[in-house]
Each structure stands twice: as structure tokens, then as C-alpha cells.
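Q: Okay, here's the structure, questions in a sec.
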Amino acid sequence: MTKSDSCPIRGCRGDFSLRHTLRSHLPEVMDLRVPVHDNLTRRRLGFFLAMGARVIREGTTLVDLMRFCSTMGYTLHGASGNPSQIEAAGALARASGEEAVAFLDLLHWSILTKLWALLPVNEQEFFRSTYALSLEERESTSRWPEAVDSHCHLDRWSRKVNVNLDINIWKSMACMSPLVEVEINLRAVVTNFCDPSTYPNISLLETLYGVRCFSTIGLHPKGATKYTDADIQKFCMLLERPEVVGFGEVGLDHSVPYAEWLGQAILLKRVFSFLKERHVLVLHCRGADGDIHGKEVHMCLLSIMLGVVSPEQRIHLHCFQ
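Numbers 8 to 328, taken from my numbering, label the letters of the sequence shown in order.
This is how it looks when you write it as C-alpha cells:
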């Protein structure tokens, strides 16, 4: 972890992220997932004015706080201006009589955390206890739309962040991913296993299926020259499992050297013979550098599929240039 990615709170070894600062530092009233209402807005305004009095002086306004942050050189960590931030700023503007645009970034977690770091520990504890959410407000943080991640690679992700793929995967994702910055409630994922070296065993397939992580099995086209008969045999065996909902990702990737293109086409023709109607076909189709619209690779893919893949086949075109 680099210094710039470290939490600015003295003595904290956590990462500088919205998830960490909400869980470990900032008062609960600053959780922008909570639907805006008058009482919440009054408490948020009270928090800002009280913090301004401690950091700057009595009578500090929201705009004063924002100017102070600019003078201190505080910069945003990530994007600003999401819908919840704008909604909360608008409510504060109506309550305070100030212009929302003049203090919008004050509601961004990264700016707020840098201000928070100026407070002594005992005052941080006081503010956290004083500006907590009610039970009803805590439950309302699930207001965002439900969504499904239709394409991810949990095997690659788990290696990258050094966590185990097991029954606790949702807990691991909650701790290690930045999804709290995306205004959705993730309800399920489709995880693509397309590297034979990290294919799941049957036990893992069953475990993931039971916790709304639905698996597909494929052979990524970039590895076409390396796959062995044993790899393809394992691919076919896993496709028979009822927990496997998709076939892929498979396809063509012409961003690799031309000498590898034929091998990809041969592999694809070979594996299409194992495609079952119950599977969703997850296709990867990337053109060569300079082929902006991928016309060449799309025509190649269509010519391979013609007469082999049913016109009624359900397809998820994952990578299309």
C-alpha cells in the first residue's frame, strides 16, 4: 500500500477508501445511502457546523469549510457528484441558505476524511456517538437498486486480493471491493472460469452456487495455443455439472499475433460441439489493433457459428471490441 492510498487518520493502518472510512471513522449520518429527510439533513448540518467550530472557529459555514479544504490542498480521491451526493448537498443548501455547488465536494468521503483527521481521537468518538443513525435509518441503506454482475472472474480476483474462494466469498467481497461507491445492491454474480489452471472443483461449484455466485466454464481464446487435451477434457466434464450455467467465455481474440488466429478458430470449432441448449453462450470477440469496429473478427466468429450454433441460442456477448 502506498502512502497516498493509506488512511490519513493518525494511527490507522487501513486503506483510504469509502468503505473503510464509513466503517471505521466517519459518523453514520454521513452515509449517503440513507434516504434524505429533514431530520437527517438537520443532523448533517449540525455535524458540519460543530466540526467547523472545532477545526476553524465558531460560526464557520459550509462554504467556509470548503474554502479551508481548498486552502489545505485537499483533493478528491475518486469521482465526485454522484446522485446521492448531489441530493444530500441540495438538502443542506435548502437548510443552510448556502449554494450547494459551493460546498458539494465537502460531502465527498475523501475530503471529509481529511477534515476528520484533524480532530483529536476523543472528539472523533464524541461525534460518532452523537451523530449515529437510528435502527430504521441503518436498514434503509439497502434502498439502492438491486443488480447482478453478469460477468466477473472470481478466481482471478481472489488471487489478486489474496482471499479464498469459499462460502465466505460475499464477506470477502464486502471487505475487499469498492462496490460501496457504486449505487447498487449487488444480489448475485456470474463468475467465468476460463483458465484451466484455476478451474473449480465440484465442491467449490456447489458452494458458489449456494451463495448466488453462478459459474460458467470456458477456454479463453488467448490461451488457445497452450491448452492440452487434458484441459479440454476437464472443460467438458465441468460443463456437465448442473451448477454450471454458462458455456464460456470462448471466442476469438485477434489482438494477439496473427500466427495464433488459426489456433483460436480450430479450438472454437472443436468446443462448440459440446455446447448444450441449457447453457448461456458467453462470447469473447476482440479485433486486431486498428480494427476500431472489429468487423473482421466479428465476421470470422459468425462464419464459425453459422450452422453450428442454434439461432435460438442464448448468448452473452461479453467482449465485443
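Cβ atoms here follow ideal geometry from the backbone N, Cα and C, with glycine treated the same way.
With DSSP as the reference, label Phe-221 as helix, strand or coil.
A: Here residue 221 refers to the residue found at position 214 when the sequence shown is read from its first residue. In the structure shown, Phe-221 sits in a strand (DSSP, three-state: E or B).
Q: Report yes or no: do three or more beta-carbon pairs, one from the segment 33-53 and one from the segment 89-99, lie closer than 8 Å?
A: Cβ pair count under 8 Å is three or more, so yes.
Q: Report the rounded CA-to-CA distance for Leu-282 versus Leu-122, giving the unit in angstroms.
A: Taking the sequence shown and counting its residues from 1, the one referred to as residue 282 is at position 275. Taking the sequence shown and counting its residues from 1, the one referred to as residue 122 is at position 115. Their Cα atoms are separated by approximately 57 Å.
Q: If you draw a straight line from the C-alpha of Pro-127 to the C-alpha of Arg-20, how long is it?
A: Locating residue 127 in the sequence shown gives position 120, counting from the first residue. Locating residue 20 in the sequence shown gives position 13, counting from the first residue. Using only the alpha carbons, I get a separation of about 17 Å.
Q: Does DSSP put Thr-214 in a helix, a strand or coil?
A: For the purposes of this step, residue 214 is taken as residue 207 along the sequence shown, with counting starting at 1. Looking at Thr-214 - three-state DSSP - the assignment turns out to be helix.
Q: Hey, which unbroken runs of the alpha helix (DSSP H) at 4 residues or more fall wholly within the segment 245-311?
A: Entirely contained in the segment 245-311, the alpha helix (DSSP H) runs reaching 4 residues are, in chain order, 268-278.
Q: Please name the residue in Ile-63, Leu-211 and Ala-100 whose C-alpha comes closest to that of Ile-176.
A: Here residue 176 refers to the residue found at position 169 when the sequence shown is read from its first residue. For Ile-176, the nearest C-alpha among the options comes from Leu-211.
Q: Using the rule of at least 16 other Cβ atoms within 10 Å of the residue's Cβ for burial, across every protein chain shown, is Ser-24 buried or exposed?
A: Along the sequence shown, read from residue 1 onward, the residue named residue 24 stands at position 17. By the neighbour-count rule (16 or more Cβ atoms within 10 Å), Ser-24 is buried.
Q: Quick one: give me the first and last residue of the beta strand (DSSP E) that Leu-29 is part of.
A: As a first step, residue 29 must be located in the sequence shown, where it is residue number 22. Segment 25-31 is the alpha helix (DSSP H) holding Leu-29; no beta strand (DSSP E) there.
Q: With a threshold of 16 other CB atoms inside 10 Å of the CB of Lys-10, please say whether the residue is buried or exposed.
A: Your numbering for residue 10 matches position 3 in the sequence shown. With a pLDDT of 41 at Lys-10, under the threshold of 50, the modelled position of that residue is not reliable, and the figure given next carries that caveat. So Lys-10 ends up on the exposed side.
Q: Could you say if the segment 161-178 and the segment 301-321 meet the contact criterion of at least three C-beta pairs nearer than 8 Å?
A: No: the two stretches stay apart, fewer than three of their Cβ pairs being nearer than 8 Å.
Q: If you draw a straight line from the alpha carbon of Ser-204 to that of Tyr-138, how long is it in whole angstroms?
A: Along the sequence shown, one-based indexing puts residue 204 at 197. Along the sequence shown, one-based indexing puts residue 138 at 131. One C-alpha to the other measures close to 50 Å.
Q: Quick check on Glu-67: does DSSP put it in helix, strand or coil?
A: One-based indexing of the sequence shown puts residue 67 at position 60. Strictly speaking, residue 67 in this sequence is Thr, with Glu absent from that position. Coil at Thr-67, not helix or strand.
Q: Beta carbon of Cys-375, beta carbon of Leu-259: below 8 Å?
A: With the chain covering only 8 through 328, there is no way to say anything about residue 375.
Q: Looking only at its own chain, which residues have a Cβ that is under 7 Å from the Cβ of His-84, when we skip the five neighbours before and after it?
A: Looking up residue 84 in the sequence shown gives position 77. Once the five neighbours on either side are set aside, the close Cβ partners of His-84 are Phe-23 and Ser-117.
Q: In whole angstroms, what separates the C-alpha of Val-197 from that of Lys-167?
A: As a working mapping, residue 197 is identified with position 190 in the sequence shown. As a working mapping, residue 167 is identified with position 160 in the sequence shown. Val-197 and Lys-167: Cα-Cα distance of roughly 18 Å.
Q: By a C-beta neighbour count over all protein chains shown, 10 Å radius and 16 as the cutoff for buried, is Val-315 buried or exposed?
A: Residue numbering aside, residue 315 sits at position 308 when the sequence shown is read from its first letter. Exposed.
Q: Following the continuous alpha helix (DSSP H) through Arg-145, name the residue where it begins and the one where it ends.
A: Position 138 of the sequence shown, counted from the start, is the residue given in the question as residue 145. Per DSSP, Arg-145 belongs to the alpha helix (DSSP H) from 142-146.
Q: Less than 7 Å between C-beta atoms, sequence neighbours within five positions excluded: which residues of the same chain meet that for Thr-148?
A: Locating residue 148 in the sequence shown gives position 141, counting from the first residue. Once the five neighbours on either side are set aside, the close Cβ partners of Thr-148 are Asp-38, Arg-40 and Val-41.
Q: Among the residues of its own chain, which have a CB less than 7 Å from the CB of Ser-157, if the five just before and after it don't count?
A: Reading the sequence shown from its first residue, position 150 is the one you call residue 157. Cβ neighbours of Ser-157 beyond the five flanking positions: Val-197 and His-323.
Q: Taking the DSSP output, what are the residues bridged to Thr-198?
A: Residue mapping note: residue 198 aligns to position 191 of the sequence shown, counting from 1. Per DSSP, Cys-159 and Ser-222.
Q: Leaving aside the five residues before and after Leu-372 along the sequence, list all residues of the same chain whose C-beta is less than 6 Å from its C-beta, in chain order.
A: With the chain covering only 8 through 328, there is no way to say anything about residue 372.
Q: Going by C-alpha to C-alpha distance, which of Leu-308, Ser-222, Ser-317 and Arg-277 sits closest to His-261?
A: The count along the sequence shown starts at 1 and reaches residue 261 at position 254. Nearest option by C-alpha distance: Leu-308.
Q: Span of the beta strand (DSSP E) holding Ile-16?
A: Position 9 of the sequence shown, counted from the first residue, corresponds to residue 16. Counting along the chain, Ile-16 falls outside any beta strand (DSSP E), and DSSP gives it neither H nor E.
Q: Alpha carbon to alpha carbon, how far is Gly-270 from Ala-252? Give it in angstroms, no decimals.
A: For the purposes of this step, residue 252 is identified with residue 245 of the sequence shown, where counting begins at 1. For the purposes of this step, residue 270 is identified with residue 263 of the sequence shown, where counting begins at 1. With the sequence shown as reference, residue 252 is identified as Val, and Ala is not the correct amino acid for it. Rounded to whole angstroms, Val-252 to Gly-270 spans 26 Å at the Cα level.
Q: Starting from the Cα of Ile-209, find the closest Cα among Gly-225, Thr-235, Pro-249 and Ser-179 and give me that residue.
A: For the purposes of this step, residue 209 is taken as the residue at position 202 of the sequence shown. If we check each option's Cα against that of Ile-209, Pro-249 comes out closest.
Q: Please classify Thr-28 as buried or exposed, where buried requires at least 16 other C-beta atoms within 10 Å of its C-beta.
A: Sequence index remark: in the sequence shown, residue 28 carries index 21 (1-based). Flag for Thr-28 reads buried.
Q: Since Ala-124 contacts Pro-34 with CB under 8 Å, what's their CB separation in whole angstroms?
A: Translated into the one-based positions of the sequence shown, residue 124 becomes position 117. Translated into the one-based positions of the sequence shown, residue 34 becomes position 27. Wrong, their Cβ atoms sit about 14 Å apart, outside the cutoff.
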